[in-house]
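Participant: This structure is in structure tokens; I'll ask about it shortly.
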Amino acid sequence: MVQTLQNFINGEFVPVTGTESLDIVNPATGDIVAKAPISSQADVDAAMAAAAAAFKTWRHSTPGQRQAVLLKVADAIEARSDEIVEAQHRNTGQVRQMIADEEVAAGADQFRFFAGAARLLEGRSAGEYMENFTSYVRREPVGVVAQVTPWNYPFLMLVWKIGPALAAGNTIVLKPSDTTPESTLVFADIAKDILPAGVLNIVLGNGATGAAMVDHKTPAMVSITGSVRAGIAVAGGAAKGLKRAHLELGGKAPAIVFADANLGRTAQEIAEFSFFNAGQDCTAITRVLVEESAHDDFVSLLATASKGLETGNADDSKNYYGPLNNINHFNEVVKVVENIPDYATVVTGGKRVGEKGFFFEPTVVDGVKQTDDIVQKETFGPVITVQTFKTEEEAVELANDVEYALASSVWTSNHGVAMRVSRDLDFGAVWINTHIMLTAEMPHGGFKQSGYGKDLSIYGVEDYTRIKHVMSNLDA
Ligand SMILES: NCCCC=O
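Numbering-wise (my numbering), the sequence shown opens with residue 4 and increments by one.
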């Protein structure tokens, strides 16, 4: 008998009133592990009302009070790490150690960052910019924020959404992805004992639920991490109500490899940074651009390194990465590989691993052209392409010639080349001789079709604030 999941509204777990529900499937086994009902409009209304009521008080909490609350949340996340890991593993099949290190431990650290950031918001100095009138700036919370999180890192993305919004004094209605809600509900249980009722509300549901949240009159801001398609829908809905939108969307990250890079180390690291979390990462390397003279050696090293990354074992501790998140997504990734053009070659991988679960081999495709779908469109799976370039200018041109602009890297031993290329790459993040690394203090977010707004860092917290000018007449 599988458990039916509940919403978390106004500090309590409550049954969903909607009549339809979704099966939550463990993609490592294909087993149904829970039922997630789809929230009705009445459920969304109740969550919004709770968030609006809580905002009246939470907005006036001091930064120090919010810091204290967020620090308690961080401690509780660490204390309940195993529970979060198990809940998430049931929904994603991800490697447990990866969830523990990269989402739970990192999430607790990021909560501590946001706790400190609550006390460090900045503005221009107060002063008499007009004689006899004192002006000052108030940095205020925006209000109720509607948030939607994705399935690739359900817990970490929740931290990136909730942490800055709470630090700035907002209240929240959040919908987790319809395939991965369980670690979010463990977080709700943590919040139940720490946050005032109504400050955080969780509604279960699908895309229609997300649309009902965006269209609702209550939120002043909507924030999503997800696909470009979902982001465009959210931005459109937000525009109708003139709500602020914060969008962290897809990616198609290039790694530019110059012949003077340490090819062995670079191939190993590029394989690891491409196939981490089965490539289900908006910053994962998806396109390797290698200097022509190093092509043959590099592709051979990359193929060897990729083959060495395990997946598909029933014991997840033996895997470098887990399964693709769901059957539809698995079928899409299979199709991407089936549809590669005749002139391209699958150097390694290209097939399902095992018959149970949605595991897919680390796959390297060589000889593609810039206009091919596999180069231009997001795959979000363990599939990367290789192209060559002759000059620094050509490398940058190929790298920038996609609709996405989230993450990129350059690999070289020449400092000047690294600095020039990082200046010219049109992406929200550029790594030099590394990739995928993030830190709470630094911003994460893209340009172009990858969206706008920053996660993490003080910039992320500021995105959840509004600026008010107050002017006072000194003679009155
Ligand atoms: N490596 C974290 C990237 C967040 C979005 O997928």
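For every residue, glycine included, the Cβ atom is placed at its ideal position computed from N, Cα and C. Remember, predicted model here, so these are calculated numbers, not experimental data.
On the criterion of 16 or more Cβ atoms from any shown chain inside 10 Å, does THR65 qualify as buried, or is it exposed?
Facilitator: So THR65 counts as exposed.
Participant: Going by alpha carbons, who is nearest to THR212 out of ALA129, MET51, ILE439 and GLY384?
Facilitator: For THR212, the nearest C-alpha among the options comes from MET51.
Participant: For SER3, write down the residues that DSSP places opposite it in a beta bridge.
Facilitator: The requested residue 3 does not occur in the structure, where the chain is confined to residues 4 to 479.
Participant: DSSP three-state call for LYS393: helix, strand or coil?
Facilitator: Three-state result, LYS393: coil.
Participant: When you compare each of LYS246, ALA214, HIS249 and GLY253 to VAL231 by their alpha carbons, which one comes out closest?
Facilitator: Checked all of LYS246, ALA214, HIS249 and GLY253; the closest Cα to VAL231 is GLY253.
Participant: Pick out whichever of PHE158, ASP196 and MET440 has its Cα sitting closest to the Cα of VAL88.
Facilitator: The residue with the shortest Cα to Cα distance from VAL88 is PHE158.
Participant: Would you tell me roughly how many angstroms separate the C-alpha atoms of PRO18 and LEU207, rounded to the nearest one?
Facilitator: When rounded, the distance between both Cα atoms is 10 Å.
Participant: Measuring CB to CB, does ILE343 end up less than 8 Å from ILE387?
Facilitator: Cβ atoms of ILE343 and ILE387: not closer than 8 Å.
Participant: DSSP on THR388, reduced to helix/strand/coil?
Facilitator: The answer is strand: DSSP assigns THR388 an E or B state.
Participant: Going by DSSP, what residues sit across from SER226 in a beta bridge?
Facilitator: In DSSP, SER226 forms a bridge with GLN150 and HIS249.
Participant: Considering Cα atoms alone, identify which of LEU188, GLU295 and MET101 is closest to ASN155.
Facilitator: Residue MET101 is the option with its Cα nearest to ASN155.
Participant: Comparing the CB of THR228 with every heavy atom of ligand 1, is any distance shorter than 7 Å?
Facilitator: Correct: THR228 has its Cβ closer than 7 Å to ligand 1.
Participant: DSSP state of LEU123, grouped into three classes?
Facilitator: Looking at LEU123 - three-state DSSP - the assignment turns out to be coil, as it is neither helix nor strand.
Participant: Label MET474 either buried or exposed according to how many other C-beta atoms from any shown protein chain fall within 10 Å of its C-beta, with 16 as the threshold for buried.
Facilitator: Counting Cβ neighbours within 10 Å, MET474 comes out exposed, since fewer than 16 surround it.
Participant: Do GLY325 and GLY96 have their beta-carbon atoms positioned less than 8 Å apart in this structure?
Facilitator: Yes, Cβ-Cβ distance for GLY96 and GLY325 is below 8 Å.
Participant: Using the Cα positions of ALA149 and GLY360, report the straight-line distance between them to the nearest angstrom.
Facilitator: So the alpha carbons of these two residues sit roughly 33 Å apart.
Participant: Taking the straight line between their C-alpha atoms, what separation do you get for ASP112 and ALA443?
Facilitator: C-alpha separation (whole angstroms): 8 Å.
Participant: Identify whether ASP34 lies in helix, strand or coil by the three-state DSSP scheme.
Facilitator: ASP34 falls in the coil class under three-state DSSP.
Participant: Need the endpoints of the alpha helix (DSSP H) that ASP26 sits in, please.
Facilitator: ASP26 -> not in any alpha helix (DSSP H); beta strand (DSSP E) instead, spanning 24-28.
Participant: In angstroms with no decimal places, state the Cα-to-Cα distance between HIS298 and ILE259.
Facilitator: Between HIS298 and ILE259, the C-alpha separation is close to 12 Å.
Participant: For ligand 1, is there a heavy atom less than 7 Å away from the beta-carbon of LEU441?
Facilitator: Yes - ligand 1 has a heavy atom lying nearer than 7 Å to the Cβ of LEU441.
Participant: Are ALA57 and GLY201 closer than 8 Å when you measure CB to CB?
Facilitator: Yes, these two residues count as a Cβ contact at 8 Å.
Participant: Can at least three beta-carbon pairs, one atom from the segment 455-466 and one from the segment 263-270, be found at a separation below 8 Å?
Facilitator: At 8 Å Cβ cutoff, the stretches do not touch.
Participant: Looking only at its chain, what residues have a beta carbon closer than 7 Å to the beta carbon of VAL367, apart from the 5 residues adjacent to it on each side?
Facilitator: Same-chain partners within the cutoff: LEU305, ALA306, SER309, VAL350, THR351, GLY352, ILE387 and VAL389.
Participant: Give the single residue among ALA55, MET160, LEU73 and VAL151 whose Cα lies nearest to the Cα of ALA223.
Facilitator: Of the candidates ALA55, MET160, LEU73 and VAL151, the one whose C-alpha sits nearest the C-alpha of ALA223 is ALA55.
Participant: So within the segment 86-141, which uninterrupted beta strand (DSSP E) runs reach at least 3 residues, ignoring any that extend past its ends?
Facilitator: Qualifying beta strand (DSSP E) stretches, in chain order: 130-133.
Participant: Alpha carbon to alpha carbon, what distance is there between ASP478 and LEU441?
Facilitator: The straight-line gap from Cα to Cα measures roughly 51 Å.
Participant: Among ARG469, PHE362, GLY456 and GLU294, which one has its Cα closest to the Cα of GLU396?
Facilitator: Per the Cα distances, GLU294.
Participant: Pull the bridge partners of PHE362 from the DSSP assignment, please.
Facilitator: Answer is VAL356, bridged to PHE362.
Participant: CB ALA256 to CB LEU8, shorter than 8 Å?
Facilitator: Against a cut-off of 8 Å, the Cβ pair of LEU8 and ALA256 comes out as no contact.
Participant: Report yes or no: do the segment 65-83 and the segment 116-126 share at least 3 C-beta pairs separated by less than 8 Å?
Facilitator: Contact between the segment 65-83 and the segment 116-126 is present, because at least three Cβ pairs lie under 8 Å.
Participant: Under three-state DSSP, which class holds LEU203?
Facilitator: Of the three classes helix, strand and coil, the one that applies to LEU203 here is strand, per DSSP.
Participant: Buried or exposed: which applies to ALA238, given that a residue is buried once 16 or more other Cβ atoms fall within 10 Å of its Cβ?
Facilitator: By the neighbour-count rule (16 or more Cβ atoms within 10 Å), ALA238 is buried.
Participant: Suppose contacts are defined by Cβ-Cβ distances below 8 Å. Is VAL189 in contact with HIS472 by that definition?
Facilitator: Not a contact, by the Cβ cut-off of 8 Å.
Participant: Return helix, strand or coil for GLN283, following the three-state DSSP convention.
Facilitator: If DSSP states are grouped into helix, strand and coil, GLN283 belongs with coil.
Participant: Quick one, which of ALA347, GLY357, GLY244 and ASN436 has its alpha-carbon nearest GLN271's?
Facilitator: Ranking ALA347, GLY357, GLY244 and ASN436 by Cα distance to GLN271 puts ASN436 first.
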